[in-house]
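There are 2 protein chains.
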Amino acid sequence: MKRFSWAIFLAGIMGSLFFSGAVHALDEKLHAQLDELKNATVHSTLSYDIIESLTTEVGARMVGTPAEKKSVEWAMVKMKELGFDKVWKEESQAPDWQRGELEVALTSPFHHKLVALSLGNSVGTSAGAIEAQVEMFESLEALSAAKQNSLAGKIAYVAFAMERRKDGSGYSEAVGARVNGASIAAKRGAVAFAMRSVGTDSHRFAHTGVMRYSEGNNHIPAIALSNPDADLLENALLRTQPVTMSISSTASGKLNNNVTIANVIGEITGSENPEEIVTLGAHLDSWDVGTGAIDDGIGVGITLAAVNHITKMKQRPKRTIRVILFAAEEIGLLGAKDYVEKHKDNMMNHVIGAEWDFGNGKIYKLAPGVGDTSLSKLKEFAGYLSPMGVEMASTNNAKGQSDMSLLGKAGQPAVNFYPDGNDYFDYHHTENDTLDKVNQEALKTNTAIYTMFAWYAANSGVDFRK
Amino acid sequence: MKRFSWAIFLAGIMGSLFFSGAVHALDEKLHAQLDELKNATVHSTLSYDIIESLTTEVGARMVGTPAEKKSVEWAMVKMKELGFDKVWKEESQAPDWQRGELEVALTSPFHHKLVALSLGNSVGTSAGAIEAQVEMFESLEALSAAKQNSLAGKIAYVAFAMERRKDGSGYSEAVGARVNGASIAAKRGAVAFAMRSVGTDSHRFAHTGVMRYSEGNNHIPAIALSNPDADLLENALLRTQPVTMSISSTASGKLNNNVTIANVIGEITGSENPEEIVTLGAHLDSWDVGTGAIDDGIGVGITLAAVNHITKMKQRPKRTIRVILFAAEEIGLLGAKDYVEKHKDNMMNHVIGAEWDFGNGKIYKLAPGVGDTSLSKLKEFAGYLSPMGVEMASTNNAKGQSDMSLLGKAGQPAVNFYPDGNDYFDYHHTENDTLDKVNQEALKTNTAIYTMFAWYAANSGVDFRK
C-alpha cells in the first residue's frame, strides 16, 4: 500500500504554483519538444564519448604543433559522422611559439628542483641559464610600485595566490601578473619573471597561459611555479636572504605569423529561415601540457553532441544551428577575430550565440544579452530550465563568453551559461587537464541544457536582436 | 541562562559508564601526566615545524644523493636542538641507483607523451630507446599465465588498479606487480615492463617504488605510468592493435654496495631504568621525486616532537626513549636490517616500539603485540585514548610497522598505530608528496598520541615483554 505523503503533496502544490504562476509558460508544442530532447540527452554519453575521442586520438593540440592540424581533421570528420549538413574550415595565420625545455631550481641557500612551466609567448634563456637572486612581491601592484632599476640583475617573483570561487572571478584578479608581470619587472631591471601559478589546486602542476611583452621593455623569460613549489620558495625566503634561483629555457618566442590555423565550422541548415544563424561555440585548440579535456574538450563535446541530438528530431530546426570550433583561443582569441572579420557583413543574421569554455561544473545560471522585447520570451525558456537548478540573471548585458565575446561585440545577441567553476582552475592550463577530470553527470545535464537552448533558439520564433 | 540538556546529561552518564566500568583505569599519577602531555601537545605545531624544516632545508633525500647526506646532518642537529641527551649515527652500506632521465611516449596509432617514472632499481635503455608493441594484462596473475616467449619483442603492461581503503590494504594487492612484474615479463620474452601506478589518485603523477630482478632473467626496464596516462593507453588499446610505446631511460641500475647510509639515533636517557629502551621509529630517506613530507617527513616530525614534549616534563622518563630515524627504508629496510644486526645482543632490552610511516590520517586503532601478562595493562592505556577515537584491536600479534617490523621479528614488543590511510596512496612515492599535503589537525592529535604512548611506555612500569 502506498501511504499518503504530505511532503509530496505539498511539494506538488508548490511546484504547480511556481511553474504555472511565477513564470510564463512556453508554447505547448515547444515545451513538448524540449521534453523530448531532455529525455533523449540527459542519459546520453555522447558528449563524453566525443571528448574521449578527441583526447585519445588527438590529445594536446597547441597552435604550432602537428596535433593542432590533426585536431582540425578530426573535427571535420567527427562533424560529418554526427550528421551536420555542412562542414568547412576557415584558415588564417597565427604566431608560432614552442615551449622547448625548462629547468628551474632553487640554488641557494637550499637546493631543490622546482616544478614550473614557461608562460605562453615567453622567450627562453638564449644566453644560457639565468641564476639570480629572487625578490618577492605580494602582488602585481607591489611589483609595479618598485623603483626603476631596483630589480637590476634579479628575478622578480609575484606570490599572489588565486582565490577559489564558484564564478571563477578569482582568475581576473590573478591573471594580470601572468599577462603583464614580465614587462613590468623588465622595466625595473629584472632579468627574469617568476610567479605563483594562476590556479586553485595544491598539486605539483604549474599553470601555463599566455603572456605579452609590452613595447620598449626587454623581453625576459617568464615562468609560473606550481603552488607547492611557490610555498617552498616562500618558506626559503622567510628564512634568509639572498635566495637564488636558476632558470634554463629553450622556449622559442617566435612571434611572426607563420602558422596556419583553422576555425572548424559545421551546421544544420534551417528548414524555414536558413539565413538566420544560432551559434554554439567552443575552442578546438588547447595548451600543450594536458590533453585539453576540460579546456576545452568539454565545449567541443557539448556543442557537437547538441547538434547530433537535434538531428534525431522528427523536424529539422527552423533556423540554422552553427557550431564554431574556434582556433587559437588560448593565444588570444585569434580564431574568433578571424571569424568576425570574415563574417562581419553577415553578423546581423547571427540571431543568438552561446559558448562553452568553463569546464566541468553543473550550470546554475543563465545570463542573457538580448533585445529588450525578446527578454520576456527568453524568460519562458529560463522558467523551463528552473527545475534543473538554473536561475536567470537579472541583468541583460551578456556578450558571450570566451571566443563568442568577439561576436557579441560585433552585435550578436548572447546567452552566457554559468557552470559551477569551483574546480575549474584546479586543472586549467596544466598537465593534469585529462579525461578523468570530466564530471560525467554534470556533463549530461549541461549537454541537455545546450541542446534544448539550441532548439529553443532555432524554433521559438523569437527575434533576440529586438 | 544555560538550559538543561538531556543529550549532554545522557552522554555524561554513558561516558562515565564506559570509562569507569568498561576498562581498567590508569594509575592516577600517570593519568595526570598523560593529561598534562596531551594539553601541551594537542595544540602545538612543533611536529609540523619539524616537517617544514626537513622539506624546506633538505627536501627529497634519496639514498645515493647529496641531499640524503644532508638529511643525516640535519637530523643530528635537530635532535640536539630539541633536547635529546645523546645523538649519534650508525653507518652501513647500500646499493647505488640513480633515476636519470626518462621519456615515454605512445607512438602508434596516436602520439602522446606519457607521464611515467622508472621504478627504483630499474635498468635504463642502454642500447637507445625501446619502441615496441604493448601487450596488456589485467593483473600480475594474468601476466604470469602468459606462455614462454609469448612476449618476445613486446612491452608487457599490467593494468591492475589499486583500490582505496582506510587501512591501505589495496597496496599489498597491487605492489606485487611493481616488485616482480619485470622479471615475470622478461621470462616470457618482454623487452620492457610497464604498469599502472600503484596509487589511488587520478592526477598526472606516476608512483615510483622499489622493484627487484629475480635471478636468471634479463634485466629489462620497468616503469609506472600515471593513472590518467594508463587510462589513455588502455583507451587506445580498446580501439586497435598494435599499439606501440617508446621508452628511453638513463636509469643507472648499479647494484654494488657503494653508498654509505646512516641511521640517526637520539635518546633521552631513562632516570631509573636507562638500560630499558622504548623505541620510536620513522625513516629519514625518501624517494627523489617529492620532498618526502608525507613519506616519511611526518614520522620524523612526530617522533622528534614527542621527545621534545617529554623533555619539558618536570620528571625525566624512567626508561630510555630512543628515536631511530632509519636509513634506506625505501629500498628495502636496509637501515633497519643494520640496526638489528648491530643491536642484536641488546634486543632483549628493547621493551616496546612503534613506527610512524603511514602518512596523514588521524589514528583510529591501536594494535598490540606484547606479552600476555602486560596486555591487560596496555588496555588501560588504550582506554585512556578511547575518547580520542582510538579503538584497540582484539588481536595481539603486532610486530611493528615498516622498519620496526624487523625489530619486532628480532623480539621487540610493538604497538602498531593505524591512521586513516584513505589518502595515503594519493601521494605515496610521487612528485606530489609535499608539505601542503600534511593534515595539520590530524598531525597534532597523532603527535599527542605518540607523545603519550612514549611516556606511558617509559613510566608505567609495565614489562611488555611478559
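Heads up: the protein sequence lines correspond to chains W and B, in order.
When the first sequence is numbered by my numbering, its final residue is 770 and no position is left out of the sequence of numbers.
When the second sequence is numbered by my numbering, its final residue is 770 and no position is left out of the sequence of numbers.
Idealized CB from N, CA, C, for every residue including glycine.
In the DSSP assignment, what are the bridge partners of residue i?
| i | result |
| --- | --- |
| residue 511 of chain B | Per DSSP, none; premise fails for residue 511 of chain B. |
| residue 410 of chain B | B:416 and B:549 |
| residue 396 of chain W | W:565 |
| residue 437 of chain W | W:548 |
| residue 714 of chain B | In the DSSP output, where bridge partners are listed per residue, residue 714 of chain B has none listed. |
| residue 587 of chain W | W:630 |
| residue 755 of chain W | In DSSP, residue 755 of chain W forms no bridge with anything. |
| residue 577 of chain W | W:623 |
| residue 464 of chain B | DSSP lists no partner for residue 464 of chain B. |
Closest to residue i by CA distance: which of the options is it?
| i | options | result |
| --- | --- | --- |
| residue 628 of chain B | B:568, B:638 and B:730 | B:568 |
| residue 541 of chain B | B:738, B:497, B:602 and B:441 | B:441 |
| residue 439 of chain W | W:451, W:675 and W:392 | W:451 |
| residue 525 of chain W | W:374, W:555, W:505 and W:531 | W:555 |
| residue 550 of chain B | B:584, B:408 and B:397 | B:408 |
| residue 732 of chain W | W:466, W:652, W:443 and W:512 | W:512 |
| residue 448 of chain B | B:457, B:437 and B:461 | B:461 |
| residue 404 of chain B | B:577, B:693, B:682 and B:552 | B:552 |
| residue 594 of chain W | W:463, W:530 and W:365 | W:365 |
| residue 573 of chain B | B:345, B:347, B:377 and B:762 | B:762 |
| residue 702 of chain B | B:626, B:725, B:356 and B:673 | B:673 |
| residue 390 of chain W | W:381, W:398 and W:396 | W:381 |
| residue 679 of chain B | B:666, B:700 and B:730 | B:700 |
| residue 608 of chain W | W:498, W:585 and W:589 | W:585 |
| residue 337 of chain B | B:619, B:368 and B:563 | B:619 |
| residue 341 of chain W | W:765, W:751, W:764 and W:766 | W:751 |
| residue 484 of chain B | B:497, B:419 and B:561 | B:497 |
| residue 509 of chain W | W:376, W:587 and W:500 | W:500 |
| residue 631 of chain W | W:373, W:611 and W:352 | W:373 |
| residue 370 of chain W | W:563, W:676 and W:654 | W:563 |
Can you tell me which of the three DSSP states residue i falls into?
| i | result |
| --- | --- |
| residue 417 of chain W | strand |
| residue 401 of chain B | coil |
| residue 735 of chain W | coil |
| residue 309 of chain B | Caution is warranted here: a pLDDT of 47 is assigned to residue 309 of chain B, below 50, making its placement in the model unreliable, and the coordinate value is therefore given only provisionally. In this structure, residue 309 of chain B counts as coil in the three-state DSSP scheme. |
| residue 762 of chain B | helix |
| residue 608 of chain B | helix |
| residue 640 of chain W | helix |
| residue 603 of chain W | helix |
| residue 365 of chain B | coil |
| residue 673 of chain B | strand |
| residue 654 of chain W | strand |
| residue 453 of chain W | coil |
| residue 386 of chain W | coil |
| residue 708 of chain B | helix |
| residue 723 of chain B | strand |
Within 10 angstroms of its Cβ, does residue i collect 16 or more other Cβ (buried), or is it exposed?
| i | result |
| --- | --- |
| residue 657 of chain B | buried |
| residue 717 of chain W | buried |
| residue 770 of chain W | exposed |
| residue 362 of chain B | buried |
| residue 744 of chain B | exposed |
| residue 626 of chain B | buried |
| residue 621 of chain W | buried |
| residue 356 of chain W | buried |
| residue 543 of chain B | exposed |
| residue 472 of chain W | buried |
| residue 647 of chain B | buried |
| residue 392 of chain B | exposed |
| residue 652 of chain W | exposed |
Within 7 Å of chain W by C-beta, residues of the region 532 to 560 of chain B in sequence order: 532, 535, 536, 539 and 540
Closer than 7 Å between beta carbons: that is the criterion. Which residues of the region 682 to 699 of chain W meet it against chain B? none
Could you please tell me which residues of the region 736 to 750 of chain W, in chain order, have their CB closer than 7 Å to any CB of chain B? 736, 738, 739 and 740
Taking Cβ-Cβ distances below 7 Å as the criterion, which residues of the region 355 to 386 of chain W are in contact with chain B? 356, 360, 361 and 363
Taking Cβ-Cβ distances below 9 Å as the criterion, which residues of the region 417 to 433 of chain W are in contact with chain B? 417 and 419
Give me the subset of the region 499 to 532 of chain B whose CB atoms are less than 8 Å from a CB atom of chain W, sorted by chain position. 506, 507, 508, 509, 531 and 532
Any residues in the region 391 to 415 of chain B with a beta carbon nearer than 7 Å to a beta carbon of chain W? Which ones, in chain order? 414
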